[in-house]
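Presented below is the structure to which this report refers.
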Ligand SMILES: NC(=O)c1ccc[n+]([C@@H]2O[C@H](COP(=O)([O-])OP(=O)(O)OC[C@H]3O[C@@H](n4cnc5c(N)ncnc54)[C@H](OP(=O)(O)O)[C@@H]3O)[C@@H](O)[C@H]2O)c1
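In the UniProt record's numbering, the protein residues as written are 1 to 232.
Here is the structure:
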């Protein structure tokens, strides 16, 4: 009996050691790969392969929907699309922040065809209302950029009962894409749905515990899990 217990404990500690080594390996590999590919230096390196003619393209008449467009990557994306002449729909959860960003983009690009859609993407019912409002405009969607995302460190549950990171990063992205599909289909074969994932996904494997219901919650790990799910 004592031998069996010892054997069991030995087995547990070997498993824990393997898990620890795997986690450390993933974090180190991500650190090196991320430094080379995802930092400013990574961008400058990759940008050497950009073709100047691609950067000068004009896309007047193309309708582009960008979520989380009031700041960061979403703002830069909306601004770049507007500067190429596209009609841009900025999906933001906060009306004031959205309006400020919209007027910045209109004045920096001189493009008046920039619009604001207010929607909290952590809520399926808000996404449904947004999609139905948007569909009634009867415009094809050429590009949907699922950019909105967050990393909430505490385990917060939305009023609809979903863990918040999962609600925005996974469920919100999925529901928005699904509900925009008919409008993307109208614009096909040119339509694109682009989801902004993250190299952070390399730090964790895919799991079926989508809402991080088991174990000690970690916002960074949940974010990485969500980003994995986005590309799977
Ligand atoms: N920055 C990086 O290094 C990095 C690296 C890899 C991937 N990414 C990904 O890039 C995307 C943009 O990140 P960022 O760095 O530009 O961050 P950011 O500046 O914080 O932008 C995130 C945007 O998402 C919006 N958002 C958050 N929750 C929302 C909700 N419930 N409904 C609607 N909009 C919501 C935010 O709105 P509020 O302003 O109202 O909060 C904000 O506009 C994210 O998907 C992120 O995972 C970022």
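Every residue, glycine too, gets a C-beta built ideally from N, C-alpha and C. Since this is a predicted model, take the numbers as computed values, not measurements.
- The beta carbon of residue 47 sits closer than 6 Å to no other beta carbon from its chain once the five residues preceding and following it are set aside.
- Secondary structure note for residue 170: it is in no beta strand (DSSP E), with a DSSP letter that is neither H nor E.
- With a contact defined as Cβ atoms closer than 8 Å, residue 81 and residue 66 qualify at about 7 Å.
- Collapsing the DSSP output to three states places residue 115 in a strand.
- Rounded to the nearest whole angstrom, the CA to CA distance from residue 57 to residue 51 is 11 Å.
- Between residue 206 and residue 192, the C-beta spacing is not below 9 Å.
- Using a Cβ-Cβ distance cut-off of 8 Å, the stretch 140-154 and the stretch 96-104 are not in contact, since fewer than three pairs of beta carbons, one from each stretch, lie closer than that value.
- In the DSSP annotation of this structure, the continuous segment of the alpha helix (DSSP H) that includes residue 224 starts and ends at 219-231.
- With contacts defined as CB atoms closer than 9 Å, residue 34 and residue 199 qualify as a contacting pair.
- Within the same chain, Cβ atoms closer than 6 Å to the Cβ of residue 64 are found at 81, 86, 88 and 143, the five residues on either side in sequence being excluded.
- Between residue 49 and residue 71, the gap from beta carbon to beta carbon reaches 9 Å or more.
- DSSP, reduced to helix, strand and coil, places residue 144 within a strand of the structure shown.
- Take residue 219, set aside five residues on each side of it, and the residues of its chain with a beta-carbon closer than 6 Å to its own are 151, 152 and 153, in chain order.
- For residue 64, the distance from the CB to the nearest heavy atom of ligand 1 is not below 8 Å.
- With a minimum length of 4 residues, the unbroken runs of alpha helix (DSSP H) contained wholly in the stretch 6-64 fall at 40-47 and 52-55.
- Sequence-distant partners of residue 158 (beyond 5 residues in either direction) whose C-beta falls short of 8 Å from its own C-beta, in its chain, are 122, 123, 164 and 167.
- For residue 166, the Cβ stays outside the 8 Å cut-off from all heavy atoms of ligand 1.
- About 23 Å separates the Cβ atoms of residue 175 and residue 204, ruling out a contact at the 8 Å cut-off.
- DSSP places residue 67 in the strand class (E or B) of the three-state scheme.
- Between residue 230 and residue 195, the beta carbon gap of about 5 Å places them in contact (Cβ cut-off 8 Å).
- Taking C-beta separations shorter than 6 Å and ignoring five residues to either side along the sequence, the partners of residue 111 in its chain run 82, following chain order.
- Under the criterion of beta carbons closer than 8 Å, residue 170 and residue 226 qualify as touching, at roughly 5 Å.
- A straight-line Cα-Cα distance of about 29 Å links residue 22 and residue 173.
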